[in-house]
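Engineer: The structure that follows is given in the form of structure tokens.
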């Protein structure tokens, strides 16, 4: 049994302009010690999917479907039930470490409160454990840093603190929402290496939400690609990079800058704009931008189905060869 | 500590400018303390002016005045004969400070919790009702509220005295305090709601929730302190205007506060009295702004270090 099992998860937001279907029928599972990459543009629903798993949707958001952690249904639990689960068995870290920590409280206080609440530890015992956690994420002088405030740390350090804080209770699942996006490239690499190390040491399952395929290639085992609030392709990481079967994935991979490309060539991009979730086109959300679009694509959303009878899933009607989609600049 | 000392020293030039400007502007205004409807005999007027040193050159008077206030003496009042400005302030300020302090306290105790509840129960009756009330409270000036309260509670129902100071008896304080405090409650509730809503939407509150902390802890430990910061900036200047009293409230309730001295002083060119009250206001504004800054530093570690 997978550690986390997401079935037919939908998220919609009630807004003044009507319901926005941000996430539609997502099915995905994560195993222990595995890294699942979740890739998509802004507004693809990748963050909302996982915020709803954590029960952290905005007030006007409503999730339906099923999310099972270790076989136990956790979607739409009460706040009281969630507060025993969040920060204990599953943790989440966010994109911008500059604002994700409370500027008014010391790092030590923000860390030890997690253990005081979840593990009933004394302040002293919690502080001791916090020092260990900071050392585990390679922060030197941990003891001294407990009494420091977030603004006294650099961006990369703060993200390490966030990770250490999320790991205090040895969670089974760690959801990372764009954990490296706000950081310098060299710091990005360090954070990814750290996540990889933690996964190996503690067997933590990691969900890595990102728009950066380079990040996914580094540490993900499996990747699910989202577009317009839907999953459109899902595969083992190597399969996805070598034998992608969806035109959108092709476009995504095509728009990654390459060092070996001729200097004169402009970076290919996917033409058009991401869809507006408030007024989704009928059929495939990618159809308006797709180079292989057929008439039926505009009528009904293709189902997410296995390609080659295996773990490689995609939602597309097109069966011909890919690779001829023109990048337009 | 060094910060406070620096600010106190920095206040001296500010005060000096206030004193100088108001001193010369007051003297530049037409008329004088002894210009009355019925002209005084020239000899009497000359004697009076000589007694108050008004016959000296202006810069000499200015120097004398600076020397006096440096020793804490605001001089004799020109209009309230035989009384010093110090005495008038000593008489009036406690009245205003009592009324204003209680009004501030009431506003803090009622307005702040109302704002917090409204923010936590956003877009429910708990939000709409106090906020609608607050809008009304802000819009209706207290020269309307106060007579209404007097009419209902004093004149019709005879529950409370209609005015007077009653030597500070609590019974006499209720109506002026409520009249002065109502708009403050309203303002603080709205301010508090706004900042609380903003803080609750900030990323670090999402982090606190992701850590599984119970909602009570999220609010009390993580949201409250940041949400109080705008209130503190507001309170600095607001406390001064409230504590030094409202001329309107003093007039309506017939309270022996400073406000009437200020107005009468200005109308009668009572130079020393107007100067005294002006300097007092200036010092209070500087002191309370300093207090607000110090509080800011105590509450926000980012300010503390820089």
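Protein chains in written order, with my numbering: chain R, 1 to 329; chain X, 330 to 635. Think of the CB as a built atom: it goes at the ideal place given N, C-alpha and C, for glycine as much as any other residue. In this text the structure is predicted, and so the values were computed from the model without any measurement.
If I follow the unbroken alpha helix (DSSP H) through residue 130(R), where does it start and stop?
Structural biologist: As a position in the first chain, residue 130(R) is number 130, starting the count at 1. Taken as a continuous stretch (DSSP letters only), the alpha helix (DSSP H) holding residue 130(R) covers 123 to 136.
Engineer: Please check the pair residue 32(R) and residue 20(R), which I expect to be a contact at CB under 8 Å, by giving their CB distance rounded to whole angstroms.
Structural biologist: As a first step, residue 32(R) must be located in the first chain, where it is residue number 32. As a first step, residue 20(R) must be located in the first chain, where it is residue number 20. Wrong, their Cβ atoms sit about 34 Å apart, outside the cutoff.
Engineer: Over the uninterrupted beta strand (DSSP E) stretch that includes residue 62(R), give me the two end residues.
Structural biologist: For this step, residue 62(R) is matched to residue 62 along the first chain. Segment 61 to 69, the beta strand (DSSP E) holding residue 62(R).
Engineer: Please report how far the alpha carbon of residue 532(X) lies from the alpha carbon of residue 558(X), in whole angstroms.
Structural biologist: Translated into the one-based positions of the second chain, residue 532(X) becomes position 203. Translated into the one-based positions of the second chain, residue 558(X) becomes position 229. Answer to the nearest angstrom: the Cα atoms are 18 Å apart.
Engineer: Quick one: is residue 103(R) near chain X, going by C-beta distance under 8 Å?
Structural biologist: Position 103 of the first chain, counted from the start, is the residue given in the question as residue 103(R). So yes, residue 103(R) belongs to the interface.
Engineer: Which one of 375(X), 354(X) and 407(X) has the shortest CA to CA distance from residue 391(X)?
Structural biologist: Your numbering for residue 391(X) matches position 62 in the second chain. Out of 375(X), 354(X) and 407(X), 354(X) has the C-alpha closest to the C-alpha of residue 391(X).
Engineer: Can you list, in chain order, the residues of its chain whose CB lies under 8 Å from that of residue 106(R), leaving out five sequence neighbours each side?
Structural biologist: Mapped onto the first chain, residue 106(R) falls at position 106. Within the same chain, residue 106(R) has close Cβ partners 146, 147, 148 and 149.
Engineer: For chain X, find out if any of its Cβ atoms is closer than 8 Å to the Cβ of residue 76(R); answer yes or no.
Structural biologist: In the first chain, residue 76(R) corresponds to position 76, counting from 1. By this cut-off, residue 76(R) is not an interface position.
Engineer: Against residue 533(X), what residues of chain B qualify as contacts under a CB-to-CB distance less than 8 Å, listed in chain order?
Structural biologist: In summary, chain B is missing from the structure at hand, where the protein chains are R and X.
Engineer: List, in chain order, every chain X residue whose beta-carbon is nearer than 9 Å to that of residue 117(R).
Structural biologist: Here residue 117(R) refers to the residue found at position 117 of the first chain. Here the neighbours are 540, 541, 542, 543 and 546.
Engineer: Please determine, among 372(X), 508(X) and 624(X), the residue with the shortest C-alpha to C-alpha distance to residue 470(X).
Structural biologist: Position 141 of the second chain, counted from the first residue, corresponds to residue 470(X). Checked all of 372(X), 508(X) and 624(X); the closest Cα to residue 470(X) is 508(X).
Engineer: Pairing CB atoms from the stretch 407 to 425 of chain X with CB atoms from the stretch 591 to 599 of chain X, are three or more of them under 8 Å?
Structural biologist: Touching, per the Cβ criterion.
Engineer: Give a yes or no on contact between the stretch 491 to 510 of chain X and the stretch 545 to 565 of chain X, applying the rule of three or more CB pairs nearer than 8 Å.
Structural biologist: Because the criterion of three Cβ pairs below 8 Å is not met, the stretch 491 to 510 of chain X and the stretch 545 to 565 of chain X do not touch.
Engineer: Beta-carbon of residue 56(R) versus every beta-carbon of chain X: anything under 8 Å?
Structural biologist: Stepping through the first chain from its first residue, residue 56(R) is reached at position 56. True, the Cβ-Cβ gap to chain X drops below 8 Å.
Engineer: What residues from chain X crowd round residue 83(R), counting only those whose CB sits closer than 8 Å?
Structural biologist: Position 83 of the first chain holds residue 83(R). Correct list: 541, 542, 543 and 544.
Engineer: Which residues of chain X have a Cβ atom closer than 8 Å to the Cβ of residue 13(R), listed in chain order?
Structural biologist: Here the question's residue 13(R) lines up with position 13 in the first chain. Neighbours of residue 13(R) on chain X: none; closest Cβ ~15 Å, over 8 Å.
Engineer: By the three-class DSSP mapping on this structure, what secondary structure does residue 490(X) have?
Structural biologist: Translated into positions along the second chain, residue 490(X) becomes position 161. Here residue 490(X) sits in coil by DSSP.
Engineer: Measure the alpha-carbon distance for residue 239(R) versus residue 151(R) and round it to whole angstroms.
Structural biologist: The residue you call residue 239(R) lines up with position 239 of the first chain. The residue you call residue 151(R) lines up with position 151 of the first chain. Answer to the nearest angstrom: the Cα atoms are 42 Å apart.
Engineer: Kindly indicate the opening and closing residues of the alpha helix (DSSP H) around residue 316(X).
Structural biologist: Nothing can be reported for residue 316(X): it is not among the residues displayed for chain X, which extend from 330 to 635.
Engineer: Please report the residue range of the beta strand (DSSP E) in which residue 315(R) lies.
Structural biologist: Here residue 315(R) corresponds to residue number 315 of the first chain, with the count starting at 1. It is not in any beta strand (DSSP E) - residue 315(R) carries neither H nor E in the DSSP assignment.
Engineer: Apart from the five residues just before and just after residue 328(R), which ones in its own chain have a Cβ nearer than 6 Å to its Cβ?
Structural biologist: For the purposes of this step, residue 328(R) is identified with residue 328 of the first chain, where counting begins at 1. Per-residue confidence for residue 328(R) stands at a pLDDT of 44, beneath the threshold of 50, marking its modelled position as unreliable; the derived number appears in the next sentence. Answer for residue 328(R): 271, listed in chain order.
Engineer: Cβ closer than 8 Å: which chain X residues qualify as neighbours of residue 86(R)?
Structural biologist: One-based indexing of the first chain puts residue 86(R) at position 86. In chain order: 538, 539, 540 and 541.
Engineer: If I'm right that residue 517(X) touches residue 556(X) with Cβ under 8 Å, what's the distance once you round it to whole angstroms?
Structural biologist: Along the second chain, one-based indexing puts residue 517(X) at 188. Along the second chain, one-based indexing puts residue 556(X) at 227. Their Cβ separation, rounded to whole angstroms, is 12 Å, which puts residue 517(X) and residue 556(X) out of contact at 8 Å.
Engineer: Determine, for residue 456(X), whether the minimum Cβ-Cβ distance to residues of chain R falls below 8 Å.
Structural biologist: Position 127 of the second chain, counted from the start, is the residue given in the question as residue 456(X). Answer no: the Cβ-Cβ gap between residue 456(X) and chain R never drops below 8 Å.
Engineer: Helix or strand or just coil, what does DSSP make of residue 592(X)?
Structural biologist: The residue labelled residue 592(X) in the question sits at position 263 within the second chain. Looking at residue 592(X) - three-state DSSP - the assignment turns out to be helix.
Engineer: DSSP on residue 139(R), reduced to helix/strand/coil?
Structural biologist: Numbered from its first residue, the first chain carries residue 139(R) at position 139. DSSP places residue 139(R) in coil when its eight states are reduced to three.
Engineer: Suppose only complete runs of 4+ residues qualify. What are the alpha helix (DSSP H) ranges in the stretch 430 to 505 of chain X, listed by chain order?
Structural biologist: Listed in chain order, they are 454 to 468 and 471 to 478.
Engineer: In whole angstroms, give me the CA-to-CA distance for residue 461(X) and residue 530(X).
Structural biologist: Taking the second chain and counting its residues from 1, one reaches residue 461(X) at position 132. Taking the second chain and counting its residues from 1, one reaches residue 530(X) at position 201. Straight-line Cα distance between these residues: approximately 23 Å.
Engineer: Less than 7 Å between C-beta atoms, sequence neighbours within five positions excluded: which residues of the same chain meet that for residue 135(R)?
Structural biologist: Position 135 of the first chain, counting from 1, holds the residue named residue 135(R). Answer for residue 135(R): 142, listed in chain order.
Engineer: Of all the CB atoms in chain X, is at least one closer than 8 Å to the CB of residue 72(R)?
Structural biologist: On the first chain, position 72 is the one that residue 72(R) refers to. Answer no: the Cβ-Cβ gap between residue 72(R) and chain X never drops below 8 Å.
Engineer: From residue 332(X) to residue 620(X), what does the alpha carbon distance come to, in whole angstroms?
Structural biologist: As a working note, residue 332(X) is residue 3 in the second chain. As a working note, residue 620(X) is residue 291 in the second chain. Roughly 12 Å between the two C-alpha positions.
Engineer: What alpha helix (DSSP H) runs, 4 residues minimum, are completely inside the stretch 353 to 396 of chain X?
Structural biologist: Taking only runs of at least 4 residues, the alpha helix (DSSP H) segments lying wholly in the stretch 353 to 396 of chain X are 371 to 380.
Engineer: Would you say residue 629(X) faces chain R, with C-beta separation under 8 Å as the test?
Structural biologist: Here residue 629(X) refers to the residue found at position 300 when the second chain is read from its first residue. Yes, contact with chain R.
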